[in-house]
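Contents: one structure, followed by commentary.
Protein chains: 2
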Amino acid sequence: MQDIAEAAGVSPMTVSNCFRYPDRVRAKTREAVMKVAAELGYVPNMSAGLLAAGTSRVIGAVLPSIRNSSFYRYVAGLRQAATAEGHELITMIAETPEEEFSAVQTLLGLRVAGIALVAGPHAPELRQLLELSGTAVVESWGGDKAIGRGVSYDVGAASRALTRHLIAQGRRRIGFVQVSGGGGHRYTMRLPAFRQEMFAAGLSDSLVLTVRAADGFGSGAQILNEFLALEPKLDAILCPTDVVAAGAVFECQRRGLEVPGDIAVAGWGDYDIGRQLSPSLTTIAPFSDEIGQGAVSILLGDAPPSEGPLLTPYALEIRESA
Amino acid sequence: MQDIAEAAGVSPMTVSNCFRYPDRVRAKTREAVMKVAAELGYVPNMSAGLLAAGTSRVIGAVLPSIRNSSFYRYVAGLRQAATAEGHELITMIAETPEEEFSAVQTLLGLRVAGIALVAGPHAPELRQLLELSGTAVVESWGGDKAIGRGVSYDVGAASRALTRHLIAQGRRRIGFVQVSGGGGHRYTMRLPAFRQEMFAAGLSDSLVLTVRAADGFGSGAQILNEFLALEPKLDAILCPTDVVAAGAVFECQRRGLEVPGDIAVAGWGDYDIGRQLSPSLTTIAPFSDEIGQGAVSILLGDAPPSEGPLLTPYALEIRESA
DNA sequence: ATATAGAATTGTAGCGCTACAAAAATTTGT
DNA sequence: ACAAATTTTTGTAGCGCTACAATTCTATAT
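These protein sequence lines are chains A and B, in that order.
Take 19 as the starting number for the first sequence in the numbering used here and just add one per residue.
Take 19 as the starting number for the second sequence in the numbering used here and just add one per residue.
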């Protein structure tokens, strides 16, 4: 900074102001300083700045995986909102609770302005660590017991809406696919809602299959086969993701079953593949980018401060498959 | 730190050593300090540490997108190697050259130990900024003109191998799909290699179609149709990614064309979908995790120092589709 | 019991920056 | 032209930590 100041003929303090509070410096001076800085390749040391000022302009997000594209829109929303508020977003990938804990420690070490978590299994000490740190935290897809505050759409309502839609279409033997491992927590609200609606319609709510993880087409095929072994007259299935639903549709085609003629297949998540597929998938669109935006607004303290999670919209996308 | 030191009855310096050089502290002392730190939720301020020590244990990676899963294995490799070397990995997503430039500025501001870029269009000032900064840089999938040093498999050799394979299978009218926009640079080596082999075999190398971006199934279908309009006797196509290839396969099925009977379809990248699909896709497996590991080894200075890019392995995966 | 090598622990100074208040320069009003 | 109001610029002190050297403690040999 000293070098830039000398080269530009101003004091170090003016250089600092140019980067941190451009408005406080006259345009002419600022341009001269910025020019010299660009020539010398000077980028302010954020660490020193953070240390001196005590506040950071970086938000950290921990993602459970980038194995599939499900977090693309979420991250886009985070990034867009962070940028709009003059912050930067850094992400860390953590596939296990232990890795997540370690990622949070790193983010805390960096003294980021806020941390965006994704709901799922967490290390038991995580909540306490974050509370003691005093860092702003938000848990996306989190509900009432979220670490920090939750941001999510109403998963239960979405699940009920989708179930009701299938029933309204005349489906009677509806199978539900439950996810246990991995990001299981993000799915837990769906089953009770499904059961509730099925019960209310006087239908059997016991056609439930549990799969470990919801990754890939393979599980879709497997699920379909298991369901058909369980209930040959199955006329609809509710899949945990569009990817699994796509796998199920492929398997239907292989077996000569018509979708939606013989079996209705519903997905979840409004993935690209669901739009491209023929038949296109009926699904729940979670507008994950709004979850990301909501998360940032909470972290930066400009969200409406109310009890419980911040609710974002969702939509039932009725397409060809169900 | 002061608080921890007092609570544990040691000097601040010992607390510092516990976190930074655990071996320098007697096990008993260390445990006592760590226990207090855990209770109080103390996490060392990396910024202050960096400022004082002048070195960081964080590596930054800039990813062009997480829209599809293609970087999953790459990031896994980066992460694994970084962790093995006692470093942390943070990632930034940047979808345009401008965003990438800004991401690099942030990483530079954080004074990370090294920056891993992905080959593609860069902002013109990026190279100079990084050179002036003196930060270690590596460009994954980068070649001779990489910013910093390149790490990549031999894309040209892979393209030649795949082309030769198709020719050896008796294919004569082979279409090649070229990508222009987006991460185009990562694809540029493929076409010349394709042409070379086609020419060497006395075949026409002019069945080339250019698409803007290689995202999604939709483009696969479109490409197939355009190719067939161009050359009805087409007997093979080389797609830029497995996803596009899958889209082409779907379209073949829709049109009643047999794969590989009527048309051979080759993908690239060894994506999950290529293994799951029926017919499974013949593809190039790039072992992206090794690219990630190589990138970290270069950044941390323990890669064999030679001229040109660090070469990682690749494999021609011959499966059902070609 | 004492000397000595080695391990463990501890002060000191300073990393690069910014908050804050004070000083200097500029603009505005009369 | 001069004072007052406003804008722009500038020192000073200190953020939390670690390198390094100096000091204290522990284990071993004589």
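Don't be surprised by glycine CBs; every beta carbon is placed ideally from N, CA and C.
From a predicted model like this one, the values you see are computed outputs, not experimental measurements.
Whole-Å CB distance - residue i paired with residue j, under 8 angstroms assumed
i	j	result
ALA266(B)	GLY238(B)	4 angstroms
TRP159(B)	ILE22(B)	Wrong, their Cβ atoms sit about 44 angstroms apart, outside the cutoff.
LEU126(A)	VAL130(B)	Not really, about 17 angstroms apart at Cβ, beyond 8 angstroms.
GLY193(A)	LEU256(A)	7 angstroms
VAL169(A)	PRO258(A)	At roughly 21 angstroms, the Cβ-Cβ gap does not stay under 8 angstroms, so VAL169(A) and PRO258(A) are not in contact.
LEU184(B)	ALA282(B)	6 angstroms
LEU227(B)	ILE241(B)	6 angstroms
TYR171(B)	PRO304(B)	5 angstroms
ALA291(B)	ILE84(A)	The sequence as given places Ile at residue 291(B); Ala does not occur at that position. Going by Cβ atoms, the distance from ILE291(B) to ILE84(A) rounds to 16 angstroms, so no, they are not a contact pair.
LEU69(A)	LEU128(B)	Their Cβ separation, rounded to whole angstroms, is 13 angstroms, which puts LEU69(A) and LEU128(B) out of contact at 8 angstroms.
Distance between residue j and residue i (C-alpha atoms, nearest Å)
i	j	result
GLN271(A)	ALA254(B)	25 angstroms
PHE245(B)	GLY59(A)	48 angstroms
VAL195(B)	PHE235(A)	25 angstroms
GLY138(A)	MET110(A)	15 angstroms
PRO327(A)	VAL155(A)	12 angstroms
GLY67(A)	GLN294(B)	50 angstroms
ARG273(B)	ASP280(B)	11 angstroms
SER120(A)	LEU209(A)	32 angstroms
THR101(B)	ALA247(B)	51 angstroms
ARG337(A)	GLY319(B)	53 angstroms
ALA219(B)	LEU275(B)	26 angstroms
TYR90(B)	ALA164(A)	27 angstroms
PHE37(B)	SER65(A)	18 angstroms
VAL51(A)	GLU24(A)	10 angstroms
PHE189(A)	MET216(A)	Note that residue 189(A) is Arg in the sequence shown here, rather than Phe. Each residue's alpha carbon lies about 11 angstroms from the other.
LEU135(A)	VAL28(B)	35 angstroms
GLN187(A)	GLY285(A)	16 angstroms
SER224(B)	PRO278(B)	22 angstroms
VAL80(B)	ILE133(B)	8 angstroms
VAL262(A)	ASP288(A)	12 angstroms
VAL54(B)	MET19(B)	11 angstroms
ARG213(B)	ARG204(B)	17 angstroms
GLN98(A)	SER88(A)	17 angstroms
PHE268(A)	GLU113(B)	32 angstroms
LEU147(B)	ALA321(B)	24 angstroms
GLU49(A)	GLY152(B)	25 angstroms
ALA26(A)	GLU118(B)	28 angstroms
MET207(A)	PRO250(A)	27 angstroms
ASP260(B)	TYR39(B)	46 angstroms
VAL314(B)	GLY166(B)	13 angstroms
ARG230(A)	ASN243(A)	16 angstroms
Contact set between residue i and chain B, taken where Cβ atoms lie within less than 9 angstroms
i	result
VAL155(A)	What VAL155(A) touches in chain B: nothing, since even the nearest Cβ is about 13 angstroms away.
PHE89(A)	ILE84
LEU58(A)	LEU150
Chain B residues whose Cβ lies nearer than 7 angstroms to that of residue i
i	result
VAL33(A)	In chain order: nothing, as chain B lies at least about 14 angstroms away.
GLN294(A)	GLY234, PHE235, GLY236
ASP290(A)	GLY234
LEU68(A)	SER65
8 angstroms Cβ cut-off: residues of chain B touching residue i
i	result
VAL13(A)	With chain A covering only 19 through 340, there is no way to say anything about residue 13(A).
MET64(A)	SER65, THR124, GLY127, LEU128, ARG129
THR109(A)	ILE108, THR109, MET110, ILE111
ARG97(A)	ILE111
Under 7 angstroms by beta carbon: chain A residues contacting residue i
i	result
VAL12(B)	What the structure shows of chain B is the stretch from 19 to 340, and residue 12(B) is not part of that stretch, so it cannot be assessed.
Quiz item: Taking three-plus beta-carbon pairs below 8 angstroms as touching, is the segment 171-181 of chain A in contact with the segment 327-339 of chain A?
Solution: Inter-segment contact for the segment 171-181 of chain A and the segment 327-339 of chain A is present: three or more beta-carbon pairs are separated by less than 8 angstroms.
Quiz item: Touch check for the segment 143-153 of chain A and the segment 300-307 of chain A: three-plus C-beta pairs under 8 angstroms?
Solution: With a cut-off of 8 angstroms, the segment 300-307 of chain A and the segment 143-153 of chain A do not count as touching, because too few Cβ pairs lie within range.
Exercise. Return the chain-ordered ranges of every alpha helix (DSSP H) run that is complete within the segment 76-129 of chain A and spans a minimum of 4 residues.
Key: If only uninterrupted alpha helix (DSSP H) runs of at least 4 residues are considered, those enclosed by the segment 76-129 of chain A are 90-102, 115-127.
Quiz item: Is the segment 101-110 of chain B touching the segment 66-81 of chain B, taking contact as three or more C-beta pairs under 8 angstroms?
Solution: The segment 101-110 of chain B vs the segment 66-81 of chain B: in contact.
Practice problem: Say whether the segment 82-99 of chain B touches the segment 33-48 of chain A, bearing in mind that this needs 3 or more beta-carbon pairs closer than 8 angstroms, one atom from each stretch. | Solution: No: fewer than three Cβ pairs fall under 8 angstroms.
Exercise. Please specify which runs of the beta strand (DSSP E), each continuous and at least 3 residues long, are wholly inside the segment 250-297 of chain B, giving them in chain order.
Key: Runs of the beta strand (DSSP E) inside the segment 250-297 of chain B: 254-256, 282-284.
Practice problem: Could you name each continuous beta strand (DSSP E) segment of 3 residues or more that falls completely within the segment 138-175 of chain B, going from the start of the chain to the end? | Solution: Scanning the segment 138-175 of chain B from its first residue to its last, the whole beta strand (DSSP E) runs of 3-plus residues come out as 154-158, 167-171.
Quiz prompt | Whole beta strand (DSSP E) elements within the segment 201-252 of chain A, 3-residue minimum | solution = Entirely contained in the segment 201-252 of chain A, the beta strand (DSSP E) runs reaching 3 residues are, in chain order, 226-229.
Quiz item: Of all the alpha helix (DSSP H) runs that stay within the bounds of the segment 46-72 of chain B, which reach a length of 4 or more residues?
Solution: The qualifying runs are 64-71.
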